[in-house]
Amino acid sequence: MTGVPASAAGGSGAKPVRGGKLGTAAVNQASLWNIANILTMVRLLLVPGFVLLLFHNGGYDPAWRSFAWAAFAIAMITDLFDGHLARTYNLVTDFGKIADPIADKAIMGAALVSLSILGDLPWWITGVIIARELGITLMRFWVIRHAVIPASRGGKLKTLAQGTAVGMYVLALTGPLATLRFWVMMVAVVLTVVTGLDYVRQAVVLRRKGLAAERAAAVERAAEATEEALRAAAGTTVGAGAASGPVAGSVAGATDVRGGVTDVRGAGADVSGTAEARDAAEAER
Numbered sequence: 003m004t005g006v007p008a009s010a011a012g013g014s015g016a017k018p019v020r021g022g023k024l025g026t027a028a029v030n031q032a033s034l035w036n037i038a039n040i041l042t043m044v045r046l047l048l049v050p051g052f053v054l055l056l057f058h059n060g061g062y063d064p065a066w067r068s069f070a071w072a073a074f075a076i077a078m079i080t081d082l083f084d085g086h087l088a089r090t091y092n093l094v095t096d097f098g099k100i101a102d103p104i105a106d107k108a109i110m111g112a113a114l115v116s117l118s119i120l121g122d123l124p125w126w127i128t129g130v131i132i133a134r135e136l137g138i139t140l141m142r143f144w145v146i147r148h149a150v151i152p153a154s155r156g157g158k159l160k161t162l163a164q165g166t167a168v169g170m171y172v173l174a175l176t177g178p179l180a181t182l183r184f185w186v187m188m189v190a191v192v193l194t195v196v197t198g199l200d201y202v203r204q205a206v207v208l209r210r211k212g213l214a215a216e217r218a219a220a221v222e223r224a225a226e227a228t229e230e231a232l233r234a235a236a237g238t239t240v241g242a243g244a245a246s247g248p249v250a251g252s253v254a255g256a257t258d259v260r261g262g263v264t265d266v267r268g269a270g271a272d273v274s275g276t277a278e279a280r281d282a283a284e285a286e287r
C-alpha cells in the first residue's frame, strides 16, 4: 500500500540490458499475462478467500483464523514480490496500474472491517486507516496533472506496521502477545496519520509549484504572442512606407503629364488666335 502501482514500476516484458536503455518497441511489449500482473490478480482473489476463512465457524476458531492469517500473509508478500519483479523486469500494463493499488487497499480494508465486525479491533482505528488511504489516493489524482507524489520511506514503514499489526489481530492471540499487538497497532495508527499529513504537505507544495509553472508558461506564451504581433505590425508599416515612394512618384508623373497636355493645348489656342488676327488685318488692307 505504498501508493505506487507495483506493476506500473517498469516498462516491458523483456529483461533490461545492464547499462543500457530499453527502446520504445521493447516498452510496448509488456503482456497482460506477466508475472507481476498474475501476482496482483492472485492478491485480488485472496481477498474473498481471506474473509471466508476469517468468518468460518463463527469467526473465533483458532485453526480457521490461522488459515486466514496465511491467506493475508501471502497477499502482503505478493505485494512485495510483484513490485520487485515489475521494477526489475520493467513490466507495465494499464491493468497493473489500476489493479495493484486496488488489491493493496482491498486486502487491508477487508481485514480491518472484518476484525471490527468481529469486535477484535475498535472501529475508530479502522475508520482512521481507511479514511487516510482513500484520502491519499484521491489526493494523488488531485496533483497527478502537476507531479507524482513518490512513496516515502515513512509510507513503506507504515505499510509494514499495518501489515504486522493486522496479521497479529487476525491470529487468535492471548496474554502478552495480545497486549503487544495493541501497541503495534498504535504505532501503525501514528505512522498512518503522520505520513498522511506529510503526503498532504507534499501535495500542496507540488500543486503550488505546478500552478506557478503553468502561470509562468502562460505569461511567456502571451509575451511571445505579443512580440510576434508587434513584429507583424512593424513589417506592415515598413511595407506601406516602401510602397509610398513609387506611388507618390507615379502620381507626380501623372500630374506633370497632365500639366504638359494643358500647356500644349494653351499654346495651340495662342497660335490659332494669332492666325485669326493676321487674317483680319489683311482683310482690312
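With the first letter of the sequence shown counted as 1, position 120 gets the number 122 in our numbering; the numbers rise by one all the way through.
Cβ coordinates follow ideal geometry from the N, Cα and C atoms, glycine included.
Bear in mind the structure is a predicted one, so any value in this text is a computation, not a measurement.
> Going by alpha carbons, who is nearest to H148 out of F184, L208, D122 and L117?
Replying inline: L208
> Roughly how many whole angstroms lie between the Cα atoms of G60 and I76?
Replying inline: 23 Å
>> Alpha carbons only, please: which of Q204, P178, I131 and L213 is nearest the one belonging to M141?
In response: Q204
> What is the C-beta distance between V130 and V195, in whole angstroms, given that I count them as a contact (C-beta under 8 Å)?
Replying inline: 7 Å
>> With a threshold of 6 Å on Cβ separation, who are the neighbours of I37 within its own chain once the five nearest residues in sequence on each side are excluded?
In response: L87
> Is N59 helix, strand or coil by DSSP?
Replying inline: helix
> Is the Cβ-Cβ distance between D102 and D84 less than 8 Å?
Replying inline: yes
> With a CB to CB cut of under 7 Å and the five nearest residues on each side skipped, what residues in its chain are close to E226?
Replying inline: none
> Is it right to say T181 is buried, meaning 16 or more other beta carbons lie within 10 angstroms of its own, or is it exposed?
Replying inline: exposed
> Within 10 angstroms of its Cβ, does Y62 collect 16 or more other Cβ (buried), or is it exposed?
Replying inline: exposed
>> Distance check for V53 and R67, CA to CA, integer angstroms please.
In response: 10 Å
>> So the candidates are G98, M110 and V168; which of them puts its Cα closest to the Cα of E135?
In response: M110
> Exposed or buried, M187, counting other C-beta atoms within 10 Å across all chains shown (16 or more means buried)?
Replying inline: buried
>> Could you give the first and the last residue of the continuous alpha helix (DSSP H) run that contains H86?
In response: P64 to Y91
> Would DSSP call W35 helix, strand or coil?
Replying inline: coil
>> What does the Cβ neighbour count give for A214, buried or exposed, with the cut at 16 atoms within 10 Å?
In response: exposed
> According to DSSP, is S154 helix, strand or coil?
Replying inline: coil
> For T80, which residues of its own chain have a beta-carbon under 7 Å away from its beta-carbon, when the five flanking residues on both sides are left out?
Replying inline: L41, V44 and R45
>> Are there any heavy atoms of the ligand GDP lying less than 7 Å away from the beta-carbon of R209, as far as the coordinates show?
In response: In the structure on display, the ligand GDP does not appear, and there are no ligands present to speak of.
> How is D122 classed by DSSP in three states: helix, strand or coil?
Replying inline: coil
> Any idea if K160 is buried or exposed, counting beta-carbon neighbours within 10 angstroms, 16 or more meaning buried?
Replying inline: buried
> For L117, which residues from the same chain have a beta carbon less than 6 Å from its beta carbon, with the 5 sequence-adjacent residues on both sides left out?
Replying inline: L123 and Y171
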